[in-house]
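Residue 20 is where the sequence shown starts when you use the working numbering, and the numbers rise one by one after that.
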Amino acid sequence: MRKISMSYMILFVALAFSSFGCAGLLAGKYGSIVPDGSATTAFESFQLDAGLNYYVSGADEYPNALLGMNKDYVLDSTLWKRIDPTPARFRDLVLQMQTRAWQVGQRQYGFAVVDDQGRRIGIWYSILPARTLVVMKGDRHVEVYTPDIDTYLRYENSKD
């Protein structure tokens, strides 16, 4: 009986240590996007910020997300398409995204992109359910995952 309880104790300790180890790996340097009224206002009033590089993900006509990244940071991703929009093109992008969201019963929101220290490093514009992951790579390199390719399509039939 004592051998069995000792075996369980060893198993428990081993699992606890491996869990803590995995938690340490998972607790890497992750940033996030947080709802931000000033980001929403910037996009919806078509304000381009000269301190940001702009990127789109998804269709050119109505991107799944629009990202403005601080020029002091390098975006490590081949999935984002860098754009240098004119004010007119930026306005068109935002309006097309809003129209597409409305067609599927959603609306666009602005978010602040923050690093692992909570510092604002960019802005993001998408429908609320669009998901992402912000990974700080070090030396001002950041990877921002693009939202799922079906960001709008999954709501296509749910508007009825």
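Even for Gly, the Cβ is constructed at its ideal location relative to N, Cα and C.
Please read these numbers as outputs of a predicted model, since none were measured by experiment.
Arg119, enclosing alpha helix (DSSP H) - first and last residue
Per DSSP, Arg119 belongs to the alpha helix (DSSP H) from Pro106 to Gln122.
Rounded to whole angstroms, what is the Cα-Cα separation between Gln127 and Asn89?
21 Å
In three-state DSSP terms, what is Arg150?
coil
Buried or exposed: Gly157, going by 16 or more other Cβ atoms within 10 Å of its Cβ?
Under a 10 Å Cβ-count criterion, Gly157 is classified as exposed, with fewer than 16 other Cβ atoms of the shown protein chains found around its own Cβ.
So for Ala42, helix, strand or coil by DSSP?
Unreliable positioning characterises Ala42 in this predicted model, as indicated by a pLDDT of 42, which lies under 50. The coordinate reading is nonetheless provided below. Here Ala42 sits in helix by DSSP.
Could you name the residues of the same chain whose beta carbon sits closer than 7 Å to that of Pro54, not counting the 5 residues immediately before and after it, in chain order?
Within the same chain, Pro54 has close Cβ partners Tyr128 and Phe130.
Looking only at its own chain, which residues have a Cβ that is under 7 Å from the Cβ of Glu80, when we skip the five neighbours before and after it?
These residues qualify, in order along the chain: Gln115.
Quick check on the burial criterion: 16 or more other C-beta atoms within 10 angstroms. Buried or exposed for Pro148?
exposed
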